[in-house]
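Okay, so here's the structure we're looking at.
In our numbering, the protein residues as written are 4 to 945.
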């Protein structure tokens, strides 16, 4: 790997010389030869573009880390896509097709001869060519093994430390590896119980793919082994050459002077572990039935069983007729709907539910944030304590932190060639995976026997491109989150026949009193230069049954039970590798139909989108179980044969799955949008929050207008995406109704009327959260944004709490948070994460306000809550809370954090690339936009 570090100032060089000349060793110089011409035809020409901030290079030596900490310098290609990504905020308004590459990379295949920065040959049968502009690896192999070896080698060059972190997160060993910071404790406690495995379990998953998936499965595991071999080759070379990531020194793994220490070899089971983190967080769906049951019980307690159930169902909105859909041509795909008469539902007795304890035998700093800094050498002082808040700050990784929810991410906009200026389809699409330095994904191009693609792969499982483009087609995904996880109530027992309690560790299984399997992970840590957390340890413990992992204990009709979580993808964390292999194979994917078949081999819950020169297409993937007739998937179910998944085999966690035709799919629709909204009619949602207002509306309204007008261009579709990315959903979708209520009579208070006018002016200007000019760090309608941020939580509570009552309101807010604006750092996405407006009570408020106004509502709430249905009373409640909100100072609305001072509105919204290693990045303007994004338009086809 050639050195890719910017020239350090003299002062920096002097500071790091104290480390010794051994640490200044660079990677071996790359060959100067030009790359061989690609033996493939690129049918996109110059019409494919992509972007992945902050930059391709995610590794940094100790010297580079210390330079960044002391002087703000950056390794080459670690931040060179950041300004282009950020520039679209201002640049989208005058965007043309010709200017797209001002804000995106040219995603053409290969590297022009005059743009070659380096050529590395880790083996004779593969070259890794990097371009000058972005440093993306273009991997070309003459053999299949060499191609995959090169992919692994390039992954080591760009993401070695990150891959090491994630294999330890997946194995529940983060604190032992990187330090005992409280956030690290929380992270492994969040992830490991979702996919707890023994080493034998992981090995069995590798073997299952190899032996049960035919020739494709054998090839996949051969490719994976070559990929691992490539990682290990770079690992060994970088260690011997002393250009390995500096985090290994700072966390005490390698001595900076003697080079004594080791980077543990990677193995195939590490890929399973990494896949469990990636797939589980972005491709999961369902679960949460215990919390749903608690809110149902609260509704029944307030209103009685029949009326309470009706009220609860109106908030659950499984199949809301006003919800924005991806397949909008009326095609129905029934799945997981509410049965006419439910069987086997296992609601807990009131007050009986307790969560299953995870942590045992704490010692030292376990459960605390107590620090005990080491006496670090002066030369390492700039990096002291860089992981004191954890390698990944709490809440910044999807699905982690307090109030974590399954987060659907990503968006897609595709328009049929019937409505474009060129007559060819256009797509603007990509995944939202948070913002990290380096990113969880890495860009690469793979060209070899049976593989021809460019795009992104999650680091550590990058044998194939997971989202990107082939020779004449492109594809991407959004999280679908349909229900592939169910909760079962297993009846507890004692083997000696005595009366069970909620603490019992045996359960009834097909008539026998069966022992639960205990899975454990013991972790310990001590202070290092990077993490000053004092010495400590604890033991994590979960119980595994044939019906999944125990999550809660309760009683059902007086009998002790354990609630378990069973997902179809458990024990199948990497089975989707076959689907990705097919997507990368130009001989397999030749049209929309073959693309859909390839996507159907992906087991996780994703929405897949496709575009070539002729058509666009869509397919919803996932291991959707065939449930027993009458089972309500939204609630816990009795663990009995009559209510199990059909054909269920607990040994391999296999079952019968719904066939291809029953998954939402489409080809050639006038346009497609997805922002983790509902897929199609009758395809029931697995969670709350899919009603009349959804962030998908921000895309649907804009794209439908473009289609109606016709002549759509790549720039026009990109502009539509970016306008939605800067828009406050509440201002665009809810404020018009709120203003109608407020102005149902004249607002006589002059000060309050001025506030109403401010909000209306913001709405009329587009409800955007956007700077007055680049770098001003001040929003154009700053005060209106502040008022809305302060008002929304107050108005939701005033609108609903009194009518629902404290108990039901609290239970429903546990199912669905009321707010997820960019400033709502308490939301499921965490602060500074970009993604916003997915979770919230916008749909509830919209229906309720229209009911108050007497407007037509399809699928109304069972009751009208604002002002108990009286317009005057509703208006009074809204005016009162608006007056309160207007008086709240910015320092209270935006209280400040590690990145911002109190009152800094722009900064509170701003995207922060959370450092996963030793290199930090500057904050950028908020955008609700994919992290990796493609803009594609193919003019020709094979």
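C-beta atoms are modelled at their ideal positions from N, C-alpha and C, and glycine is treated no differently.
Since the structure is predicted, the reported quantities are computational estimates derived from the model, not experimental observations.
Cβ neighbours of residue i in the same chain (closer than 7 Å, five flanking residues each side left out)
i	result
residue 769	730
residue 83	58, 137
residue 763	742
Where residue i falls, given that 16 or more other Cβ within 10 Å makes a residue buried
i	result
residue 220	buried
residue 497	exposed
residue 669	buried
residue 3	No answer is possible for residue 3: it lies beyond the span of the chain, which begins at 4 and ends at 945.
residue 36	No answer about residue 36 holds up, because its pLDDT of 41 lies below 50 and its placement is not dependable.
residue 223	buried
residue 835	buried
residue 189	buried
residue 160	buried
residue 151	buried
residue 308	exposed
residue 121	buried
residue 539	buried
residue 484	buried
residue 214	exposed
residue 580	buried
residue 273	buried
residue 514	exposed
residue 263	exposed
residue 760	exposed
residue 644	exposed
residue 663	exposed
residue 182	buried
residue 775	exposed
residue 929	buried
residue 212	buried
residue 700	buried
residue 628	buried
residue 837	buried
Same chain, Cβ closer than 6 Å to residue i, neighbours up to 5 away in sequence not counted
i	result
residue 199	522, 545
residue 448	141, 457
residue 407	Summary for residue 407: the model assigns pLDDT 39, below 50, so the residue's position carries little reliability, and this model does not support an answer.
residue 180	171
residue 303	311
residue 31	Low confidence applies here, because residue 31 scores a pLDDT of 38, under 50, leaving its location unreliable and the question unanswered by this model.
residue 936	54, 433
residue 801	880, 884
Close beta carbons around residue i, own chain, < 8 Å, minus the five adjacent residues each side
i	result
residue 207	574
residue 379	387, 532
residue 870	855, 876, 877, 878, 879, 880
residue 202	272
residue 268	235, 238
Inter-residue CB distance, residue i and residue j (contact presumed, cutoff 8 Å)
i	j	result
residue 691	residue 819	4 Å
residue 49	residue 475	Their Cβ separation, rounded to whole angstroms, is 15 Å, which puts residue 49 and residue 475 out of contact at 8 Å.
residue 889	residue 758	5 Å
residue 73	residue 385	4 Å
residue 524	residue 193	Not a contact, Cβ separation roughly 13 Å.
residue 919	residue 330	In fact, because the Cβ distance is near 37 Å, the residues do not count as touching under 8 Å.
residue 679	residue 482	6 Å
Interface flag, residue i vs chain D, CB-CB below 9 Å
i	result
residue 929	Here chain D cannot be found, since the structure has a single protein chain.
Cβ-heavy atom distance, residue i to the ligand GDP, below 8 Å
i	result
residue 524	In terms of ligand content, the structure shown is empty, and the ligand GDP therefore cannot be addressed.
Any 3 or more C-beta pairs closer than 8 Å across the stretch 735-748 and the stretch 713-722: no
Runs of beta strand (DSSP E) lying entirely within the stretch 290-356, each at least 3 residues, in chain order: 335-338
Cβ contact (3+ pairs, closer than 8 Å) linking the stretch 354-371 and the stretch 542-561: yes
Meets three-Cβ-pair contact criterion under 8 Å: the stretch 774-792 and the stretch 895-912: yes
Contact the stretch 795-802 vs the stretch 106-118: 3+ CB pairs below 8 Å: no
Meets three-Cβ-pair contact criterion under 8 Å: the stretch 636-652 and the stretch 427-439: no
Every unbroken alpha helix (DSSP H) within the stretch 867-915, with a cutoff of 4 residues, ordered by chain: 874-889, 893-896, 908-912
Cβ contact check for the stretch 498-510 and the stretch 619-638: 3 or more pairs under 8 Å: no
Every unbroken beta strand (DSSP E) within the stretch 707-778, with a cutoff of 3 residues, ordered by chain: none
Within the stretch 109-163, ranges of the beta strand (DSSP E) (whole runs, at least 3 residues): 119-126, 129-134, 140-144
Sufficient close CB pairs (3 or more, under 8 Å) joining the stretch 554-562 to the stretch 333-352: yes
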